[in-house]
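Enquirer:
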Amino acid sequence: MSILNDANNFRYIVLNIKKIKGRKCLIPYIVNSSFALELYLKLILIANKKSYKNNHRLTELFKLIPPNIKKEYQDVIILKNY
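For what it's worth, my numbering labels the leading residue of the sequence shown as 1, then goes sequentially.
#1: Mark glutamate 38 as exposed unless 16 or more other C-beta atoms lie within 10 angstroms of its C-beta, in which case mark it buried.
#2: In angstroms with no decimal places, state the Cα-to-Cα distance between leucine 4 and tyrosine 40.
#3: Looking at leucine 61 and asparagine 55, is the spacing between their C-beta atoms short of 7 Å?
#4: Measure the C-alpha to C-alpha separation of valine 31 and cysteine 25 and round it to an integer number of angstroms.
#5: Excluding sequence positions up to five away, which residues of its chain have a Cβ less than 7 Å from the Cβ of lysine 42?
#6: Assuming proline 66 is part of the alpha helix (DSSP H), what are its boundary residues?
#7: Suppose the cutoff is 6 Å on Cβ atoms and the five residues either side in sequence are ignored; what does the same chain contact list for lysine 92 look like?
#8: Below 7 Å between beta carbons: does that hold for valine 14 and serine 33?
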């Protein structure tokens, strides 16, 4: 799946940027994080047969995710932090 590969590639870049010290990497870190998140959100929407049209706004994409799916991901995120 090309979208998943692209999202993982952006995430890989973000993880490697974190290893570099200094503020000059802040913008590439934010941009690549945003791209990865957008693609992951779109994958969730595709998996749940939800249309997102040509939307690139992270907040709007998140709002399109069904509430039960949001809850499931929030539970996973909360558990990972412990």
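Backbone N, C-alpha and C define an ideal beta-carbon position, used for all residues, glycine too.
Expert: The answer reads as follows:
#1: buried
#2: 7 Å
#3: yes
#4: 10 Å
#5: Ile3, Tyr52, Leu61
#6: Neither: proline 66 is in no alpha helix (DSSP H) and is coded neither H nor E.
#7: A query on residue 92 cannot be resolved here, the shown segment of the chain reaching from 1 to 82 and no further.
#8: yes
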